[in-house]
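Letter by letter, the sequence shown follows residues 89 to 244 in our numbering.
Glycine included, C-beta positions come from ideal geometry on N, C-alpha and C.
First comes the structure, then the notes that go with it.
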Amino acid sequence: MALLDIKKIGDPILKQKSSPVEKIDSTIRKLLDNMAETMYEAEGVGLAAPQIGVLKRIVVIDVGEGLIELINPEIVRCEGSMQGIEGCLSVPQMNGEVDRYENVSVKFLNRQGKAQRILAKGTLLSRCLQHEIDHLDGILFVDKAKTLVRLEDSNE
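Set out below in structure tokens:
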């Protein structure tokens, strides 16, 4: 496995729409592995393929309940609303308050190409699914944030 370079705000690839994965093969499975390793090393809870420079509809998420790998994820049902603070590995030292749906149902393919569905209700997972799927459409949380706060750099 390999750590991948996480693209930062200002990189034009982060504003582009990703293409669906047509075929799940060893290259896609290796990408999933490398994305997960990169996300864990960066201490993130989610990572979308555009964040590592790949315009494919692939996301990895782990909000503390185990790794979820999503290929071609699509929100098929949403309801309610909730506000919360978000950050992003591609937007370091910045947090913002973002309105999201409270409950989402997402269909996707797993690494074996099997159709799956996940339901997230009012949790960090619900927020993370929406945040990462936004990345696949070239949308950053700062594009939706009601407020933005610059964080102090703890390394200084």
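Residue closest to residue i, alpha-carbon to alpha-carbon, out of the options
i, options, result
"V109", "G201, A208, E240 and I206", "G201"
"L119", "I159, Q218 and A130", "I159"
"G154", "A124, E185 and V237", "A124"
"Q181", "R165, T126, R238 and I156", "R238"
"S114", "R199, V151 and L177", "R199"
"G184", "Q204, R215, S193 and E162", "R215"
"Q218", "A203, L197, R205 and Y189", "Y189"
"P100", "G226, V147 and L236", "G226"
For residue i, three-class secondary structure by DSSP
i, result
"I227", "coil"
"E131", "coil"
"D150", "coil"
"P161", "strand"
Other residues of its chain near residue i: CB distance less than 6 Å, five sequence neighbours each side excluded
i, result
"T83", "Past the edges of the chain, shown from 89 to 244, lies residue 83, and the structure says nothing about it."
"K232", "V186"
"E209", "For clarity, residue 209 is Lys in the given sequence; the question names Glu instead. So the qualifying residues of the chain are N191."
Whole-Å CB distance - residue i paired with residue j, under 8 Å assumed
i, j, result
"G134", "I149", "4 Å"
Cβ shell of residue i (< 7 Å), same chain only, five flanking positions each side left out
i, result
"S106", "A137, P138, L143, K144, R145 and L224"
Cβ neighbours of residue i in the same chain (closer than 8 Å, five flanking residues each side left out)
i, result
"V179", "K96, I97, L228, F229 and V230"
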